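Engineer: Numbering (the UniProt record's numbering), first residue to last: 1 to 376.
Please read through the structure below; I'll follow up with questions.
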């Protein structure tokens, strides 16, 4: 893996050979984005530079200490909005219009995907939700550009939902959802993860019914579709909610069958606990938020005040949408946990690197020159 290390906001090129293209040696600056206090676990950035962000992650499988942290700090679940074209504004909380089918006070968001309406900017959002004392579900919102509010449209749930993690929208009301674990109770989820039981799954909603797309796999996490919606990518490490004994940090390229089931066609061992995936604006690469040292992210998730290192990986894609070789992967960002702890998602827009975290902060790095291959 090619490596670019960040230390106190300074990047230095490692001596590993064969770096892709020409990499520069500095970020101009790296800073925390104001308005984010309790995580930016996942986000989706639109073509016009709006980042819709989930914040305030918690679920029933979280440790007792983690849940105490949420309660002690009165952490609420929110969707935040960050505009790359107005970064000084920071991330702002989007108001959600209440309905009888959606209780804002129970909202605990996780994975998110946006279906963009490029003509009206009335985007559709699908958000994985772990509502307090209720089964997991996927919420559907419409973004009202005029009022800058979210309008709740409907929700989806199923007996096939277990401990849900991420969502990938194919088209309106058609999507995939990952179940990172089968058990949604802390003690059982811990046992499942420690024993590496292959009880996770991916489910598909076809517009009227849910069906299993991948059965019995271990730890499916972030899921993402290619630009033409044909080729999913799936990160697999195990659940971020419970301790991990041995990680198999794989990034898998999947083939979408005619019946909408998924089959792996390629895997990369990234030697880091893969979290969420974000497609580059060109569609030529994947940005991955990851956790490089497993026992330190475990300690952070047990007690969120404990710091853990962060890493951002870039995986180039071929013209056919397949991943390149492991040796072509770039570690674009690395931090001991002082600037950001528990990096969970990342992307580059307008030469700025945005990095989110499970329950910490959101940072933005100004990139100096051509850090990534041309066409990214």
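All C-beta atoms in this analysis are idealised placements derived from N, C-alpha and C, irrespective of residue type, glycine included.
Everything numeric in this text was worked out from a predicted model, so none of it was measured.
Hey, quick one: how far does the beta strand (DSSP E) through residue 367 stretch, first residue to last?
Structural biologist: 363-367
Engineer: Can you list, in chain order, the residues of its chain with a C-beta nearer than 6 angstroms to that of residue 217? Leave out the 5 residues immediately preceding and following it.
Structural biologist: 198 and 200
Engineer: With a cut-off of 8 angstroms on the beta carbons, I'd call residue 316 and residue 284 a contact; round off their distance for me.
Structural biologist: 7 angstroms
Engineer: Hey, which unbroken runs of the beta strand (DSSP E) at 3 residues or more fall wholly within the region 79-113?
Structural biologist: 91-93 and 95-97
Engineer: Just to confirm, is the Cβ distance from residue 363 to residue 354 under 9 angstroms?
Structural biologist: yes
Engineer: Of all the options 303, 348, 35 and 81, which has the alpha carbon lying nearest to the alpha carbon of residue 332?
Structural biologist: 348
Engineer: Tell me where the beta strand (DSSP E) around residue 166 begins and ends.
Structural biologist: Looking at the DSSP string, the run of the beta strand (DSSP E) that includes residue 166 is 163-171.
Engineer: On the three-state DSSP scale, how would you describe residue 297?
Structural biologist: helix
Engineer: For residue 190 and residue 146, what's the separation of their Cα atoms in angstroms?
Structural biologist: 45 angstroms
Engineer: Out of 88, 142, 117 and 72, state which residue places its alpha-carbon closest to the alpha-carbon of residue 98.
Structural biologist: 142
Engineer: Residue 346: buried (16+ other C-beta within 10 angstroms of its C-beta) or exposed?
Structural biologist: buried
Engineer: Who are residue 139's beta bridge partners in DSSP?
Structural biologist: 127 and 155
Engineer: Got a sec? Which residues, its chain only, sit under 6 angstroms from residue 45 by beta carbon, not counting five neighbours each side?
Structural biologist: 51, 347 and 349
Engineer: By DSSP, does residue 340 sit in helix, in strand, or in coil?
Structural biologist: coil
Engineer: Roughly how many angstroms separate the alpha carbons of residue 48 and residue 307, rounded to a whole number?
Structural biologist: As the crow flies, the alpha-carbon of residue 48 is around 33 angstroms from that of residue 307.
Engineer: Select from 158, 121 and 165 the residue whose C-alpha is nearest the C-alpha of residue 127.
Structural biologist: Taking only the C-alpha atoms, the option nearest residue 127 is 165.
Engineer: Please state whether the Cβ-Cβ distance between residue 281 and residue 265 is less than 9 angstroms.
Structural biologist: no
Engineer: Which residue marks the beginning of the alpha helix (DSSP H) containing residue 183, and which one marks its end?
Structural biologist: Counting along the chain, residue 183 falls outside any alpha helix (DSSP H), and DSSP gives it neither H nor E.
Engineer: On the DSSP bridge assignment, give the partners of residue 291 in chain order.
Structural biologist: 273
Engineer: Identify the continuous beta strand (DSSP E) that holds residue 72 and give its terminal residues.
Structural biologist: Per DSSP, residue 72 belongs to no beta strand (DSSP E); it is in the alpha helix (DSSP H), 64-72.
Engineer: Are the region 209-216 and the region 84-93 in contact at 8 angstroms, needing three or more beta carbon pairs?
Structural biologist: With contact defined as three or more Cβ pairs closer than 8 angstroms, the region 209-216 and the region 84-93 are not in contact.
Engineer: Where do the N-terminal and C-terminal ends of the beta strand (DSSP E) with residue 212 fall, by residue?
Structural biologist: Annotation: the continuous beta strand (DSSP E) that includes residue 212 extends over 210-217.
Engineer: For residue 190, which of helix, strand or coil comes out of DSSP?
Structural biologist: helix
Engineer: With DSSP as the reference, label residue 149 as helix, strand or coil.
Structural biologist: strand
Engineer: Three-state secondary structure (DSSP) at residue 42?
Structural biologist: Here residue 42 sits in strand by DSSP.
Engineer: Distance, Cα to Cα, residue 176 vs residue 220?
Structural biologist: Each residue's Cα considered, the two are about 12 angstroms apart.
Engineer: Taking the alpha carbon of residue 82 as the reference point, which residue from 32, 60, 76 and 73 has its own alpha carbon closest?
Structural biologist: 32
Engineer: On the DSSP letters alone, give me the boundaries of the beta strand (DSSP E) that residue 51 sits inside.
Structural biologist: 50-55
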